[in-house]
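Below is one structure, written out as structure tokens, with a few remarks after it.
There are 2 protein chains.
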Amino acid sequence: MIVSDTYAELTRRFARMQALAEAVGLLDWDTQVVMPGGGAEARSDLMATLRVLRHEMLTAPDLDDLLDRADDGGDPWRRADLREMRRDRLHATALPADLVAANSRAASRCETVWRTARPASDFAAIRPSLDEVVRLQREIAAAKSERLGLAPYDALLDLYQPDGRSAEIDRLFDALTGTLPGLLGAVLERQAARPAPPSPDGPFPVEAQRALGVAMMAAVGLEPDRTRLDVSAHPFCKGLAGEVRITTRYDTADFTGALMGVLHEAGHALYHRGLPDGARDQPAGRHRGMAIHESQSLIVEMQACRSPAFLGWLAPRAADAFGASGPAWTPANLVRLYGRVSRGFIRVEADEVTYPLHVILRYRLERAMIAGDLAVADLPAAWAEGMRDLLGVVPPDDRRGCLQDIHWPTGAFGYFPCYTLGALGAAQLFGAALRDEPGIPDALGRGDFAPLVGWLRQHVHARASSVDQATLMVEATGRPLGVEAFLAHLRRRYLDA
Amino acid sequence: MIVSDTYAELTRRFARMQALAEAVGLLDWDTQVVMPGGGAEARSDLMATLRVLRHEMLTAPDLDDLLDRADDGGDPWRRADLREMRRDRLHATALPADLVAANSRAASRCETVWRTARPASDFAAIRPSLDEVVRLQREIAAAKSERLGLAPYDALLDLYQPDGRSAEIDRLFDALTGTLPGLLGAVLERQAARPAPPSPDGPFPVEAQRALGVAMMAAVGLEPDRTRLDVSAHPFCKGLAGEVRITTRYDTADFTGALMGVLHEAGHALYHRGLPDGARDQPAGRHRGMAIHESQSLIVEMQACRSPAFLGWLAPRAADAFGASGPAWTPANLVRLYGRVSRGFIRVEADEVTYPLHVILRYRLERAMIAGDLAVADLPAAWAEGMRDLLGVVPPDDRRGCLQDIHWPTGAFGYFPCYTLGALGAAQLFGAALRDEPGIPDALGRGDFAPLVGWLRQHVHARASSVDQATLMVEATGRPLGVEAFLAHLRRRYLDA
Chain P
1 MIVSDTYAEL TRRFARMQAL AEAVGLLDWD TQVVMPGGGA EARSDLMATL
51 RVLRHEMLTA PDLDDLLDRA DDGGDPWRRA DLREMRRDRL HATALPADLV
101 AANSRAASRC ETVWRTARPA SDFAAIRPSL DEVVRLQREI AAAKSERLGL
151 APYDALLDLY QPDGRSAEID RLFDALTGTL PGLLGAVLER QAARPAPPSP
201 DGPFPVEAQR ALGVAMMAAV GLEPDRTRLD VSAHPFCKGL AGEVRITTRY
251 DTADFTGALM GVLHEAGHAL YHRGLPDGAR DQPAGRHRGM AIHESQSLIV
301 EMQACRSPAF LGWLAPRAAD AFGASGPAWT PANLVRLYGR VSRGFIRVEA
351 DEVTYPLHVI LRYRLERAMI AGDLAVADLP AAWAEGMRDL LGVVPPDDRR
401 GCLQDIHWPT GAFGYFPCYT LGALGAAQLF GAALRDEPGI PDALGRGDFA
451 PLVGWLRQHV HARASSVDQA TLMVEATGRP LGVEAFLAHL RRRYLDA
Chain H
498 MIVSDTYAEL TRRFARMQAL AEAVGLLDWD TQVVMPGGGA EARSDLMATL
548 RVLRHEMLTA PDLDDLLDRA DDGGDPWRRA DLREMRRDRL HATALPADLV
598 AANSRAASRC ETVWRTARPA SDFAAIRPSL DEVVRLQREI AAAKSERLGL
648 APYDALLDLY QPDGRSAEID RLFDALTGTL PGLLGAVLER QAARPAPPSP
698 DGPFPVEAQR ALGVAMMAAV GLEPDRTRLD VSAHPFCKGL AGEVRITTRY
748 DTADFTGALM GVLHEAGHAL YHRGLPDGAR DQPAGRHRGM AIHESQSLIV
798 EMQACRSPAF LGWLAPRAAD AFGASGPAWT PANLVRLYGR VSRGFIRVEA
848 DEVTYPLHVI LRYRLERAMI AGDLAVADLP AAWAEGMRDL LGVVPPDDRR
898 GCLQDIHWPT GAFGYFPCYT LGALGAAQLF GAALRDEPGI PDALGRGDFA
948 PLVGWLRQHV HARASSVDQA TLMVEATGRP LGVEAFLAHL RRRYLDA
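Chain order of the listed sequences is P and H.
Numbering-wise, the first sequence is residues 1 to 497 according to the numbering used here.
Numbering-wise, the second sequence is residues 498 to 994 according to the numbering used here.
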């Protein structure tokens with residue numbers, strides 16, 4: 001086989017793996033959005049079978065030889081594509097099949113227990129199965145550590161954040177913990193000095209909320225004939241071939257959460273739709289990890305849509321959508337409503353000032369568990385202590401404490417830091433976009449996202465996985481990822497405004 | 498490998514193929530019900546890739562050896578399972594992979610064109626893509642004909658109606674064309690002698706129609722947590738692992754069509770849910786072809802639900818669903834409304850007297866297209882001529898003519914005759930059920946489908962593909978499939994009642 005034939009054969013094989021991944025993605029959307037409950041057991045068998053088929057293609061004995069012989073011919077895209085293929089292969093072959101199977105079983109068992117243990121705040125019920133999940137995650141970390149030549153925790157992190165390293169995260173997170181608690185105190189003091197903003201009066205019918213959400217999706221630039229908005233228990237964005245689907249959940253007493261949730265997912269969706277269409281089936285054509293993905297949702301939600309410019313445009317449209325008026329609906333009041341900060345217990349309800357502290361807590365605890373320095377039995381106490389240290393509040397029960405997230409029960413260790421890396425990246429990328437395109441705030445004030453999205457398409461979306469995220473960040477913003485832009489953004493919005 | 502290991506290996510492989518077929522089934526439902534239009538092209542590529550993966554498993558070089566060595570050990574189920582595996586293998590190896598992929602892509606593309614060409618009555622728009630579909634179907638027919646030792650059309654038919662032969666269909670259809678036109682004349686004459694039944698006054702809100710449909714699905718015995726009811730352009734029933742999904746379309750001016758359409762699809766759904774659950778991934782556990790499938794929908798719709806007994810139970814419930822009353826809502830009037838016969842243009846709106854004539858037209862035309870005796874360009878003219886001959890009416894446009902059905906655009910040649918074979922089977926099976934369970938009509942009068950469905954489960958559903966359809970019919974009814982029970986049913990309902 002000549003060099004170009006080798007690459008063509010690899011391309012063909014990875015496109016087939018992508019077809020299976022795509023089918024699993026659609027099945028996952030279907031499971032969460034439309035599947036009748038009685039189909040659950042057969043569905044999980046089906047998804048497992050498709051995953052095994054993909055895994056077998058990725059671990060096929062002759063793939064190493066193809067990857068060894070393939071040459072990029074000096075083409076940078078092809079070089080990146082081969083690098084990603086090798087990365088996939090390395091992750092897939094790092095683990096023995098029985099460890100993969102044991103982990104999959106333990107995770108689904110623990111997730112099932114979690115679904116009832118969380119509302120019951122019953123840590124004792126989940127402890128044995130979570131113990132097993134952590135034990136297997138430590139085995140996985142050890143196996144991948146050896147194969148990838150990384151520290152055990154970094155070997156887990158690498159799955160969600162390619163080339164992410166905890167030394168770098170420590171540096172960034174230390175800078176945040178050195179600053180955020182003081183900043184938070186100042187913000188809360190300033191907030192307490194003013195009367196609370198009046199809340200818009202509901203009820204807000206689901207149909208009206210949905211119509212507003214759909215209008216906002218179109219406003220940010222999502223193509224209506226390639227987009228869906230549905231309802232699910234846990235909001236998510238599912239990128240599929242040629243289309244993208246967002247979910248949310250509605251509260252008829254308060255429209256603000258679902259509306260901003262839709263805009264958050266719309267940021268993820270824009271990233272997906274901005275990936276190069278012709279490279280859809282290629283590893284280099286994929287998104288560049290969960291930190292970049294989260295940065296794209298947070299640029300839309302936190303940087304653009306919570307800005308006074310955009311909220312000034314949104315306010316009359318939101319009032320109109322619900323046939324409402326009055327002092328709660330002024331742009332200034334909407335800015336205050338969307339800028340509330342509090343020391344809460346729940347990560348997914350947290351504002352952007354406290355959110356990193358929730359993440360840092362989880363990062364510390366999961367690193368300690370993977371290192372063997374923290375036993376699952378000691379998790380509730382460590383959680384309480386960490387919350388007191390970082391946020392100054394202690395949750396009254398485990399439901400609002402260490403049981404609140406689905407990540408650990410499902411074995412997703414190494415995911416949490418991506419949320420805050422994304423927040424840092426969002427602020428830094430948005431700053432660079434403003435530098436290159438000073439008209440962005442005015443455009444947002446007219447509900448026009450084209451200048452912002454155009455910049456993101458060029459500097460982030462279209463690059464896909466053709467460069468690593470460190471290079472992407474330096475080339476887009478002029479410097480490596482740091483905390484400065486984020487902290488400056490918080491000071492501007494919550495202290496200076 | 499010892500004998501039982503060989504069978505176990507075959508079972509494992511066919512379960513994987515079934516997983517791919519299942520994924521394609523879900524993708525098909527998604528395409529027709531929820532997919533944003535912009536995703537169509539990528540979707541058809543994806544479905545083609547998954548079909549090719551399945552095709553490759555089915556044509557794997559070592560499969561013949563496994564099938565040759567496998568022994569049924571004297572077990573009838575295992576014997577049927579191996580027979581079906583060999584049948585699958587034969588169909589698959591008859592076609593080169595590139596023909597399978599080309600056909601899948603051409604069909605998806607033509608279906609997409611059809612979705613706009615049909616409402617616009619634009620035959621010219623669909624002609625090139627339909628040409629391509631027919632060209633590929635003729636290639637497929639030729640390849641399968643050689644491999645299966647069947648006439649080209651029969652080789653296509655065999656996919657939908659295993660062991661079906663056009664010689665047998667000709668015999669049955671000739672008996673119908675010799676009788677039905679005269680019978681139709683007599684029915685129309687009798688109908689014209691009475692004033693038309695009053696129509697219930699609408700509008701009938703979609704939500705109320707949907708609620709009634711859902712209630713009827715539960716009444717016939719479908720489990721609510723394993724069932725969905727949605728809207729699509731072309732109503733269908735999609736059986737999935739552990740669940741089943743029905744679609745319909747609503748007319749707010751007339752609820753009768755959607756309601757009976759839901760009951761029709763519910764018959765298909767009952768068959769799917771009645772297949773042996775433990776054999777879901779086995780070839781012998783599948784439904785026994787589209788004629789038997791259609792017989793199950795028509796037993797529910799035509800034999801059970803249009804009977805005076807059931808309509809007597811339905812009438813007050815339908816009136817209640819729409820908050821209506823009056824002479825249009827009496828059981829006797831509902832019987833007359835659901836017994837109207839007319840020389841119409843549209844197959845899916847046709848009554849059971851004229852329906853076979855619509856089918857016979859399509860059967861003749863598709864046989865001619867596959868034989869190369871009819872060009873796609875000449876289809877509209879041939880359609881008009883056939884309608885004049887068989888039904889005595891000519892559609893004013895192609896929307897109500899040769900563009901009305903989804904079958905040909907999607908490459909489903911050989912499917913149409915199954916509808917009328919199903920109608921014949923429904924009458925014959927229902928007669929046998931009444932013979933064995935004389936309490937069925939009384940039960941239907943109480944909205945109780947258990948005696949009928951119980952009989953069908955035993956004599957049809959649970960048998961799956963463990964026997965061929967000729968055997969199934971003889972064992973369930975005492976004789977081979979014929980036209981007598983169907984014609985007797987029509988005379989009883991439309992001339993003697």
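Glycine included, each C-beta is placed from N, C-alpha and C at the ideal position.
Everything numeric in this text was worked out from a predicted model, so none of it was measured.
Counting C-beta pairs closer than 8 Å gives three or more between the stretch 410-419 of chain P and the stretch 286-305 of chain P, which meets the contact rule. Residue 530 of chain H sits close to residue 727 of chain H, with the two beta carbons spaced by under 8 Å. Interface residue (Cβ-Cβ distance to chain P less than 8 Å): residue 540 of chain H is classified as such.
Taking each of P:60, P:57 and P:11 in turn and checking the Cα distance to residue 78 of chain P, the smallest one comes out for P:11. Interface criterion not met: the Cβ of residue 301 of chain P is under 8 Å from no Cβ in chain H. Counting only residues of its own chain and dropping the five nearest sequence neighbours on each side, residue 824 of chain H has a CB closer than 6 Å to the CB of 695. With contacts defined by Cβ atoms closer than 8 Å, residue 242 of chain P and residue 539 of chain H form a contacting pair.
If you draw a 10 Å sphere on the C-beta of residue 30 of chain P, you find 16 or more other C-beta atoms in it, and that means buried. For the C-beta of residue 53 of chain P, the chain H residues within less than 7 Å are, from N- to C-terminus, 513. Residue contact check for residue 194 of chain P against chain H: no CB pair falls below 8 Å. Between the stretch 946-961 of chain H and the stretch 760-775 of chain H there are three or more inter-stretch CB-CB distances shorter than 8 Å, so the stretches are counted as touching. Secondary structure at residue 934 of chain H: coil, using DSSP grouped into helix, strand and coil. For the 8 Å CB-CB criterion, residue 766 of chain H and residue 724 of chain H form a contact. Legend: CB atoms of the stretch 219-230 of chain P lying less than 7 Å from CB atoms of chain H belong to residues 223, 225, 226, 227 and 228. Ranked by Cα distance from residue 190 of chain P, the first of P:341, P:267 and P:149 is P:341.
When rounded, the separation of the alpha-carbon atoms in residue 706 of chain H and residue 944 of chain H is 18 Å. Of H:948, H:922, H:931 and H:994, the smallest CA-CA separation from residue 969 of chain H is found for H:922.
Of all residues in the stretch 524-535 of chain H, the ones placed with a Cβ closer than 8 Å to any Cβ belonging to chain P are 524, 527, 531, 532, 533, 534 and 535, in chain order. Between residue 967 of chain H and residue 660 of chain H the beta-carbon gap is near 7 Å, inside 8 Å, which marks them as a contact. A direct Cα-to-Cα measurement between residue 893 of chain H and residue 927 of chain H gives close to 37 Å. Cβ contact annotation for residue 103 of chain P (same chain, cutoff 7 Å, sequence separation greater than five): 136, 140 and 411, in chain order.
If you check the CB distance, residue 901 of chain H and residue 978 of chain H do not come in under 8 Å.
At the C-beta level, residue 963 of chain H and residue 577 of chain H come within 8 Å of one another.
Here the stretch 241-260 of chain P lies against the stretch 209-220 of chain P, with 3 or more beta-carbon pairs under 8 Å apart. Of all residues in the stretch 728-747 of chain H, those with a C-beta nearer than 7 Å to a C-beta of chain P are 737, 738, 739 and 740, reading in chain order. For the pair residue 90 of chain P and residue 520 of chain H, the CB atoms are not nearer than the 8 Å cut-off.
At a cut-off of 8 Å between beta-carbon atoms, residue 516 of chain H makes contact with chain P.
A residue is called buried once 16 or more other Cβ atoms fall within 10 Å of its Cβ, and residue 96 of chain P, having fewer, is exposed.
For the C-beta of residue 46 of chain P, the chain H residues within less than 8 Å are, from N- to C-terminus, 516, 519, 520 and 738. For residue 546 of chain H, the chain P residues whose C-beta falls within less than 8 Å of its own C-beta are 15, 16 and 19, listed in chain order. Under the DSSP assignment, residue 244 of chain P falls in the beta strand (DSSP E) whose first and last residues are 243-248. Linking residue 134 of chain P to residue 370 of chain P through their CA atoms gives a straight-line distance of about 7 Å. Non-local C-beta neighbours of residue 804 of chain H in its own chain, meaning closer than 8 Å and more than five positions away in sequence, comprise 938 and 941, ordered along the chain. Between residue 609 of chain H and residue 566 of chain H, the C-beta spacing is not below 8 Å.
The residue among P:61, P:52, P:486 and P:250 with its C-alpha nearest the C-alpha of residue 98 of chain P is P:52. Looking at the DSSP output, residue 724 of chain H shares a beta bridge with H:741.
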